[in-house]
């Protein structure tokens, strides 16, 4: 028996990322505009980095509270209060090592061996991957593409719920489609979860990257305090902090000790000087965040218009997030096409196959970059499509 064969099946069978091969190939080329990753191109702003540097210089390098420093938990409560127009308590928030860590903890708390996790697809592959590593079976429910963007059939979700289903995972606004649940759809999903005794994991990472208001609709708009909902989020996108690996999990305070235990047995907490940077992001970062969203809105319109003008691309402007998920008529192998686009157009995309079944002719483009780069990339892609 080989070393690998002797590992846990869940770890051994964890899927490889469908984006890495394309990115590795693209990095070996010169002049490629890299739009395959889910992050912007701006470094963290100075007011965030300076706050962390001051704390580091002041010696905040010791073990810290597992749930997060009190100042950050209070800042999270205040931030949510401003955003949702009602009071929140600091003991509803738990600091994690990024949004991915928050997802892992939420899944560890709610699903395990023999359980099923229903989620909406196309989807960020880490959702199904993390559920599988936890021992649960991920069950996708396909969103439907249409002339007005992607849509959800709640009855299809209900039909996927079986006796072993424990969790409904909802990412809205969604990566990669930009689909954003309406308040009514969230209410219907919540009623389904209540009827069937499910936990909801609400991934609201892109809630602020919403193009029809200051934030996307949220389960926080329709829920009651005792509803079985865990929220996961991150500082990565809003405040250009992807490399910091700081996020948060929000849940009823009754779950506090369980969450603290899970933090203890995974990371034992986030470095306190990094948490000081996160406090600064929440307290001083609204203008920076708003400017990022406006830049992304302009970039979105550039890309959507350029693709639509080809007459061969199915590409509706997304409601939220900062991705254009599009298909090209006659294209059946998006992974192979991604390599060709790098070679011939100098643009790096993520293949649709990375986001679930049915993605063979689809591509994801991250438009959260400088507008001159986006204009160049959109023009190159349009030329590539015209030449097919």
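In my numbering, the protein residues as written are 1180 to 1567. C-beta: ideal position from N, C-alpha, C; glycine also.
Separation of residue j from residue i, as counted between CA atoms
i: residue 1174; j: residue 1560; result: The first residue shown for the chain is 1180 and the last is 1567, placing residue 1174 beyond what the model contains.
i: residue 1244; j: residue 1448; result: 7 Å
i: residue 1431; j: residue 1500; result: 27 Å
i: residue 1290; j: residue 1315; result: 6 Å
i: residue 1445; j: residue 1277; result: 12 Å
i: residue 1489; j: residue 1332; result: 30 Å
i: residue 1467; j: residue 1417; result: 8 Å
i: residue 1363; j: residue 1279; result: 27 Å
i: residue 1372; j: residue 1226; result: 41 Å
i: residue 1469; j: residue 1367; result: 30 Å
i: residue 1322; j: residue 1307; result: 16 Å
i: residue 1228; j: residue 1376; result: 43 Å
i: residue 1361; j: residue 1409; result: 19 Å
i: residue 1379; j: residue 1565; result: 43 Å
i: residue 1406; j: residue 1374; result: 11 Å
i: residue 1350; j: residue 1330; result: 13 Å
i: residue 1357; j: residue 1567; result: 27 Å
i: residue 1206; j: residue 1518; result: 12 Å
i: residue 1303; j: residue 1402; result: 25 Å
i: residue 1434; j: residue 1441; result: 11 Å
i: residue 1311; j: residue 1196; result: 14 Å
Of the listed residues the options, nearest to residue i (C-alpha basis)
i: residue 1530; options: 1194, 1314 and 1215; result: 1215
i: residue 1494; options: 1338, 1428 and 1325; result: 1325
i: residue 1201; options: 1363, 1336, 1521 and 1510; result: 1521
i: residue 1497; options: 1298, 1395 and 1266; result: 1395
i: residue 1319; options: 1328, 1340 and 1327; result: 1340
i: residue 1471; options: 1218, 1188 and 1203; result: 1218
i: residue 1381; options: 1370, 1270, 1352 and 1442; result: 1352
i: residue 1413; options: 1398, 1422 and 1545; result: 1422
i: residue 1587; options: 1547, 1254 and 1523; result: Residue 1587 cannot be examined here, being either before or after the span of the chain that is shown, 1180 to 1567.
i: residue 1342; options: 1453, 1237, 1297 and 1398; result: 1297
i: residue 1250; options: 1270, 1240 and 1242; result: 1270
i: residue 1190; options: 1252, 1203, 1258 and 1292; result: 1292
i: residue 1510; options: 1491, 1483, 1338 and 1528; result: 1491
i: residue 1338; options: 1239, 1428 and 1299; result: 1299
i: residue 1450; options: 1185, 1242 and 1256; result: 1242
i: residue 1348; options: 1327, 1532 and 1411; result: 1411
i: residue 1548; options: 1181, 1512 and 1220; result: 1220
Other residues of its chain near residue i: CB distance less than 6 Å, five sequence neighbours each side excluded
i: residue 1485; result: 1557 and 1561
i: residue 1355; result: 1301, 1502, 1504, 1534 and 1543
i: residue 1390; result: 1476
i: residue 1246; result: 1273 and 1439
i: residue 1234; result: 1452 and 1455
i: residue 1359; result: 1351, 1352, 1395, 1498 and 1499
i: residue 1252; result: 1269 and 1272
i: residue 1483; result: 1494 and 1496
Chain-order list of residues whose beta-carbon lies under 8 Å from that of residue i (same chain, five-residue window excluded)
i: residue 1550; result: 1474, 1477, 1478 and 1481
i: residue 1400; result: 1263, 1362 and 1365
i: residue 1230; result: 1455, 1456, 1458 and 1459
i: residue 1294; result: 1314, 1315, 1316, 1343, 1344, 1345 and 1346
i: residue 1527; result: 1201, 1202, 1205, 1211, 1212, 1213, 1214, 1215, 1517, 1520 and 1521
i: residue 1208; result: 1521, 1522 and 1525
Buried/exposed call for residue i, threshold 16 Cβ in 10 Å
i: residue 1515; result: exposed
i: residue 1420; result: buried
i: residue 1268; result: exposed
i: residue 1183; result: exposed
i: residue 1383; result: buried
i: residue 1192; result: exposed
i: residue 1392; result: exposed
i: residue 1443; result: exposed
i: residue 1199; result: exposed
i: residue 1237; result: exposed
i: residue 1222; result: exposed
i: residue 1437; result: exposed
i: residue 1388; result: buried
i: residue 1275; result: buried
i: residue 1240; result: exposed
i: residue 1335; result: exposed
i: residue 1506; result: buried
i: residue 1429; result: buried
i: residue 1404; result: exposed
i: residue 1181; result: exposed
Beta-carbon contacts of residue i that lie in its chain and below 7 Å, excluding the five residues immediately before and after
i: residue 1309; result: 1282, 1283 and 1286
i: residue 1266; result: 1260
i: residue 1370; result: none
i: residue 1187; result: none
i: residue 1525; result: 1210, 1211, 1212 and 1559
i: residue 1194; result: 1304 and 1308
Residue i: CB within 8 Å of a non-hydrogen atom of the ligand MG
i: residue 1417; result: Looking for the ligand MG in the displayed structure turns up nothing, as the structure carries no ligands at all.
Whole beta strand (DSSP E) elements within the stretch 1470-1516, 3-residue minimum: 1502-1507
Could you name each continuous alpha helix (DSSP H) segment of 4 residues or more that falls completely within the stretch 1320-1361, going from the start of the chain to the end? 1333-1339
Segments assigned beta strand (DSSP E), at least 3 residues, entirely inside the stretch 1371-1438: 1378-1382, 1408-1413 and 1426-1429
What runs of the beta strand (DSSP E), each 3 residues or longer, lie entirely inside the stretch 1201-1281? 1272-1275
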